[in-house]
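Trainee: For reference, the structure I am asking about is given below.
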Ligand code: ADP
Ligand code: MG
């Protein structure tokens, strides 16, 4: 089955046409990475998939369901942001529980899911701490944990590593790859970092100025870039 399908998706802000004719199908367990320079529309595309922005045209399908007009909370997605977006007044446990409480999950289910996520992310010692008492890497793991406990059909990541230093960036990247294998979920990941794209992706989607330039596996794009832009972006020496 298809986890995500974008059909001729358009997005404009006033006169500015940001996303143009986006067509894409993503398979169930696929790790798909959108790359492209700053301002090319990566965040806007994720926000349209999440429902945080309405598409100006076209259709968004998640798990075979047309969600183009569905509110974010009902799309079966979890999103992880660059800025973590944790609640400062809640401890780690509270941050992970909030979305589940709002969805009306039972206390026992919430506790079990938090325990599982905390174990996967080695967050057990920090459950009673608030975000201000954590390092950047720990905060991002909490944000990932909060995404996991909701058991989404689709994970959306918007440059989740860009606020971390180089060593943590690599460690967290490896962790995300492991979670992808363990959860068997579909992940849609945005970055402007070619190393992240090349190491994480099953397929890479290269965006330029709101359009898809090329879609393919890291090796396909590296060995057979469609044009100079893709070649330059993915760094194959030519
Ligand atoms: P990226 O994430 O690839 O850096 P964005 O999706 O954030 O790019 O932005 C793509 C373009 O859309 C930019 O030109 C940006 O200024 C514009 N844009 C994004 N959000 C809005 C908005 N809410 N209103 C107007 N323009 C926007
Ligand atoms: Mg962005």
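Numbering (this note's numbering), first residue to last: 288 to 525.
Every residue, glycine too, gets a C-beta built ideally from N, C-alpha and C.
#1: How big is the Cα-Cα spacing for residue 395 and residue 406?
#2: I'd like to know if the stretch 381–391 and the stretch 313–333 are in contact, where contact means that at least 3 CB-CB pairs between them fall below 8 Å.
#3: Which residue marks the beginning of the beta strand (DSSP E) containing residue 297, and which one marks its end?
#4: Can you tell me whether DSSP reads residue 361 as helix, strand or coil?
#5: Check each candidate in 355, 424, 316 and 320 and name the one with the smallest Cα separation from residue 335.
#6: Does the Cβ of residue 342 have 16 or more other Cβ atoms within 10 Å, making it buried, or fewer, making it exposed?
#7: Any heavy atom of ligand 1 closer than 7 Å to the beta-carbon of residue 268?
#8: Could you compute how far the alpha carbon of residue 513 sits from the alpha carbon of residue 495?
#9: Any idea if residue 287 is buried or exposed, counting beta-carbon neighbours within 10 angstroms, 16 or more meaning buried?
#10: When you compare only the Cα positions, how much space is there between residue 504 and residue 391?
#11: Specify the secondary structure class of residue 417 as computed by DSSP and reduced to three states.
#12: Let me check understanding here. Comparing Cα to Cα, which of 499, 518 and 493 lies closest to residue 308?
#13: Helix, strand or coil for residue 315, going by three-state DSSP, please let me know.
Mentor: Once the coordinates are examined:
#1: When rounded, the distance between both Cα atoms is 17 Å.
#2: No: fewer than three Cβ pairs fall under 8 Å.
#3: First-last of the beta strand (DSSP E) with residue 297: 289–300.
#4: It is helical.
#5: The candidate whose alpha carbon is nearest that of residue 335 is 355.
#6: Classification for residue 342: buried.
#7: A question about residue 268 goes unanswered here, because the residues of the chain that appear run from 288 up to 525.
#8: Approximately 13 Å, taken between the alpha carbons.
#9: One cannot answer for residue 287 here, as it falls past the ends of the chain, which runs 288 to 525.
#10: Their Cα atoms are separated by approximately 40 Å.
#11: Looking at residue 417 - three-state DSSP - the assignment turns out to be coil, as it is neither helix nor strand.
#12: For the options 499, 518 and 493, the alpha carbon positioned closest to that of residue 308 is the one of 499.
#13: In the structure shown, residue 315 sits in coil (DSSP, three-state: anything other than H, G, I, E or B).
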